[in-house]
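A.B. asks: Chains as they are written, first to last, in this note's numbering: chain R, 45 to 330; chain D, 4 to 174.
1) Could you name the residues of chain D that residue 59(R) contacts, counting a contact when the two beta carbons are closer than 7 Å?
2) Do we get a CB-CB distance below 7 Å when we pair residue 28(D) with the residues of chain R?
3) Check whether the region 156-167 of chain D touches the region 47-59 of chain D, counting contact only when three or more Cβ pairs, one atom from each stretch, lie closer than 8 Å.
4) What runs of the alpha helix (DSSP H), each 4 residues or longer, lie entirely inside the region 44-116 of chain D?
5) Exposed or buried, what is residue 208(R) when buried is set at 16 or more other beta-carbons lying within 10 Å of its beta-carbon?
6) Determine whether the Cβ of residue 9(D) lies closer than 7 Å to any Cβ atom of chain R.
7) When you compare the CB of residue 81(R) with every CB in chain D, is at least one pair closer than 7 Å?
8) What residues from chain R crowd round residue 51(D), counting only those whose CB sits closer than 8 Å?
9) With a floor of 3 residues, list each beta strand (DSSP E) that falls wholly inside the region 214-245 of chain R, ordered by position along the chain.
10) Between residue 94(R) and residue 18(D), which are expected to be in contact by the criterion C-beta below 8 Å, what is the C-beta distance as a whole number of angstroms?
11) Taking Cβ positions, are residue 242(R) and residue 234(R) nearer each other than 7 Å?
12) Cβ closer than 7 Å: which chain D residues qualify as neighbours of residue 218(R)?
13) Give the secondary structure of residue 274(R) by DSSP, where H, G and I count as helix, E and B as strand, and everything else as coil.
14) Using a Cβ-Cβ distance cut-off of 7 Å, determine whether residue 300(R) contacts chain D.
15) Starting from residue 292(R), follow the alpha helix (DSSP H) in both directions and report where the run begins and ends.
16) Quick check on residue 238(R) - is its C-beta less than 7 Å from some C-beta in chain D?
17) Under the assumption that residue 221(R) contacts residue 197(R) (Cβ atoms under 8 Å), give the Cβ distance between them as a whole number of angstroms.
18) Identify whether residue 183(R) lies in helix, strand or coil by the three-state DSSP scheme.
19) Mind checking who residue 281(R) pairs with in its DSSP beta bridge?
20) Cβ of residue 146(D) within 7 Å of Cβ of residue 61(R)?
21) Alpha carbon to alpha carbon, what distance is there between residue 155(D) and residue 138(D)?
22) Does the CB of residue 151(R) have a neighbour CB from chain D at under 7 Å?
23) In angstroms with no decimal places, state the Cα-to-Cα distance between residue 223(R) and residue 290(R).
24) I need the DSSP call for residue 256(R), collapsed to helix, strand or coil.
25) Using a Cβ-Cβ distance cut-off of 7 Å, determine whether residue 123(D) contacts chain R.
26) In chain order, what residues of the same chain lie with their CB nearer than 7 Å to the CB of residue 245(R), ignoring the 5 residues before and after it?
27) CA-CA distance, residue 193(R) and residue 305(R)?
28) Note down, in chain order, all residues in the region 81-101 of chain R with a beta-carbon under 8 Å from any beta-carbon belonging to chain D.
29) Whether or not the region 157-166 of chain R and the region 176-185 of chain R are in contact is what I'm after, with contact meaning three or more pairs of Cβ atoms, one per stretch, closer than 8 Å; do they touch?
30) Quick one: what does DSSP say residue 267(R) is sitting in, helix, strand or coil?
31) For residue 210(R), is the classification buried or exposed, using 16 other Cβ atoms within 10 angstroms of its Cβ as the cut-off for buried?
32) For residue 163(R), name the three-state secondary structure that DSSP assigns.
33) Residue 49(R) and residue 51(D): beta carbons closer than 7 Å?
34) Examine chain D for any beta-carbon lying closer than 7 Å to the beta-carbon of residue 64(R), and answer yes or no.
35) Applying a beta-carbon distance threshold of less than 7 Å, which residues of chain R neighbour residue 58(D)?
36) Let me check understanding here. Comparing Cα to Cα, which of 81(R), 115(R), 161(R) and 261(R) lies closest to residue 308(R)?
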């Protein structure tokens with residue numbers, strides 16, 4: 045009787061899971077189901093506990109330091125603060141100028157809300173799992189919220205189960221980010237290459253691109269605001285069809301993440317790109 | 004009691020995997036402790052427990068993984084069920100059959116995941132062969148080590164129980 049029950053149960057479970065997988069493929073809205081949220085809530089405390097314990101152990105090690113090493117660090121930090129203050133002053137000037145120009149042409153940029161910090165409790169950026177689990181204190185993370193660090197783009201929230209959230213890394217093969225070459229403003233789509241790197245797709249061969257070009261978000265996908273660094277062009281290949289074959293080195297070192305920032309969701313829909321920057325469709329048509 | 008034991012083993016597997024990921028970022032590519040817990044549970048020879056155990060552990064694994072939710076759930080349900088059916092019909096409580104079961108379970112899980120990826124994704128990401136073989140080997144070796152440890156522990160427990168029983172009879 046028990047064995048028979050098991051046979052039926054396995055059939056039911058497999059069919060149910062197949063159906064669940066099948067509906068997630070065409071429609072991402074099915075991701076982050078109640079079941080996924082429940083398991084995230086159950087697994088989250090274990091991951092958070094491990095993160096806290098390892099951070100405490102690492103903290104004990106780093107707190108035992110000599111006065112001379114602290115003095116050296118203090119001096120280096122003072123230099124860094126001075127440099128950052130100079131940069132801030134410059135940026136304030138640029139921001140003021142941009143604001144004046146925007147007012148003159150009646151342009152309203154998407155409102156950038158406050159950043160919220162979140163602790164990384166689990167990160168797997170090497171294996172094919174490629175995921176990040178966050179512990180978000182206070183308000184819950186929102187689905188599709190952009191996740192960044194000062195170096196650049198990390199990914200977006202795909203499942204939120206307060207106080208935990210699961211993030212799809214930008215290096216995930218299923219991730220796609222509207223991006224552009226900063227120098228030329230040429231747009232394409234950045235995707236995970238499968239080996240932990242990134243590739244820039246749909247950049248036509250006639251578009252100039254060089255090794256070392258910075259790639260930033262274009263803001264056309266409605267998830268990531270414009271101008272967040274994604275990475276730097278590492279190689280440019282001829283490609284098979286109409287487009288370059290471009291590899292990008294990610295701006296973020298995913299192995300060193302211990303906390304990240306959640307950007308407020310975009311309040312206004314992104315402005316459509318000017319016609320001359322529009323990316324051609326894969327068949328070459330505009 | 005069996006459920007509690009399973010839960011503790013699953014939590015321990017998740018915690019150790021989380022620590023391993025911090026120490027060696029490539030560890031999850033070749034180390035799957037959650038699968039070992041599934042196989043250990045299924046070796047008891049109860050298809051119902053094996054199926055449910057595999058399903059629960061698979062979903063836990065999916066929570067820690069990117070991609071579609073349910074890929075590992077599906078794979079581990081199949082592994083849990085088949086291992087428990089095999090354990091019910093054959094003698095696998097010896098080291099040699101056990102090591103084979105661990106290796107085949109790891110290979111089967113990867114085969115199911117790859118098949119699902121091929122079926123579901125337009126551009127599936129196929130894993131390189133070397134890490135897969137390494138995962139199978141590590142699962143077999145680690146599984147065997149834990150199997151021997153558990154057998155030793157159970158024998159000691161039985162010895163302790165029988166000696167306790169004889170002491171009680173004497174008194």
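Ideal Cβ placement from N, Cα and C applies to all residues, glycine included.
C.D. replies: Inspection of the coordinates gives the following:
1) Here residue 59(R) corresponds to residue number 15 of the first chain, with the count starting at 1. When 7 Å is used as the limit between beta carbons, residue 59(R) is near no residue of chain D, the shortest such separation being about 10 Å.
2) The residue labelled residue 28(D) in the question sits at position 25 within the second chain. Chain R contact via Cβ: present.
3) With a cut-off of 8 Å, the region 47-59 of chain D and the region 156-167 of chain D do not count as touching, because too few Cβ pairs lie within range.
4) 50-67 and 74-92
5) Walking along the first chain from the start, residue 208(R) turns up at place 164. Looking at its Cβ environment, which holds 16 or more other Cβ atoms inside 10 Å, residue 208(R) is buried.
6) Residue mapping note: residue 9(D) aligns to position 6 of the second chain, counting from 1. Chain R contact via Cβ: absent.
7) Locating residue 81(R) in the first chain gives position 37, where the first residue counts as 1. Answer no: the Cβ-Cβ gap between residue 81(R) and chain D never drops below 7 Å.
8) Translated into the one-based positions of the second chain, residue 51(D) becomes position 48. By Cβ distance, chain R contributes 46, 47, 49, 50 and 53.
9) 220-225, 231-236 and 242-245
10) Taking the first chain and counting its residues from 1, the one referred to as residue 94(R) is at position 50. Taking the second chain and counting its residues from 1, the one referred to as residue 18(D) is at position 15. The Cβ separation is near 5 Å, so the contact holds.
11) Here residue 242(R) is taken as the residue at index 198 of the first chain, counted from 1. Here residue 234(R) is taken as the residue at index 190 of the first chain, counted from 1. The answer is yes: Cβ separation under 7 Å.
12) Taking the first residue of the first chain as 1, we reach residue 218(R) at position 174. Near residue 218(R) (Cβ distances below 7 Å), the residues of chain D are 70.
13) Locating residue 274(R) in the first chain gives position 230, counting from the first residue. Strand at residue 274(R).
14) Counted from its first residue, the first chain places residue 300(R) at position 256. With 7 Å as the cut-off, residue 300(R) does not count as an interface residue toward chain D.
15) Position 248 of the first chain, counted from the first residue, corresponds to residue 292(R). For residue 292(R), no alpha helix (DSSP H) segment is defined; the enclosing uninterrupted segment is the beta strand (DSSP E) at 289-294.
16) On the first chain, residue 238(R) is found 194 positions in, with the first residue counted as 1. Residue 238(R) counts as touching chain D.
17) Within the first chain, numbered from 1, the residue matching residue 221(R) stands at position 177. Within the first chain, numbered from 1, the residue matching residue 197(R) stands at position 153. That belief holds up - the Cβ atoms of residue 221(R) and residue 197(R) are roughly 7 Å apart, short of 8 Å.
18) In the first chain, counting from the first residue as 1, residue 183(R) sits at position 139. In the structure shown, residue 183(R) sits in coil (DSSP, three-state: anything other than H, G, I, E or B).
19) Locating residue 281(R) in the first chain gives position 237, where the first residue counts as 1. In DSSP, residue 281(R) forms a bridge with 289(R).
20) Translated into the one-based positions of the second chain, residue 146(D) becomes position 143. Translated into the one-based positions of the first chain, residue 61(R) becomes position 17. Cβ atoms of residue 146(D) and residue 61(R): not closer than 7 Å.
21) Numbered from its first residue, the second chain carries residue 138(D) at position 135. Numbered from its first residue, the second chain carries residue 155(D) at position 152. Between the C-alpha atoms of residue 138(D) and residue 155(D) there is a straight-line separation of about 25 Å.
22) What you label residue 151(R) is simply residue 107 of the first chain in a count that begins at 1. Chain D, which has no Cβ nearer than 7 Å to the Cβ of residue 151(R), makes this no.
23) Counted from its first residue, the first chain places residue 223(R) at position 179. Counted from its first residue, the first chain places residue 290(R) at position 246. Roughly 13 Å separates the two Cα atoms.
24) Position 212 of the first chain, counted from the first residue, corresponds to residue 256(R). Coil.
25) Position 120 of the second chain, counted from the first residue, corresponds to residue 123(D). Chain R, which has a Cβ nearer than 7 Å to the Cβ of residue 123(D), makes this yes.
26) Position 201 of the first chain, counted from the first residue, corresponds to residue 245(R). Here the set comprises 232, 233, 235 and 287.
27) Working through the first chain from its first residue, we reach residue 193(R) at position 149. Working through the first chain from its first residue, we reach residue 305(R) at position 261. Cα to Cα, residue 193(R) sits roughly 6 Å from residue 305(R).
28) 83, 84, 86, 87, 90, 91, 93, 94, 95 and 98
29) yes
30) Here the question's residue 267(R) lines up with position 223 in the first chain. The answer is coil: DSSP assigns residue 267(R) none of H, G, I, E or B.
31) Numbered from 1 along the first chain, position 166 holds the residue referred to as residue 210(R). By the neighbour-count rule (16 or more Cβ atoms within 10 Å), residue 210(R) is buried.
32) For the purposes of this step, residue 163(R) is taken as the residue at position 119 of the first chain. If DSSP states are grouped into helix, strand and coil, residue 163(R) belongs with the strands.
33) Here residue 49(R) refers to the residue found at position 5 when the first chain is read from its first residue. Here residue 51(D) refers to the residue found at position 48 when the second chain is read from its first residue. Taking 7 Å as the Cβ cut-off, residue 49(R) and residue 51(D) qualify as a contacting pair.
34) Residue 64(R) sits at position 20 when you count from the first residue of the first chain. Judged by the 7 Å Cβ criterion, residue 64(R) is in contact with chain D.
35) Indexing the second chain from 1 puts residue 58(D) at position 55. Neighbours of residue 58(D) on chain R, chain order: 57.
36) Numbered from its first residue, the first chain carries residue 308(R) at position 264. The option with the nearest alpha carbon to residue 308(R) is 161(R).
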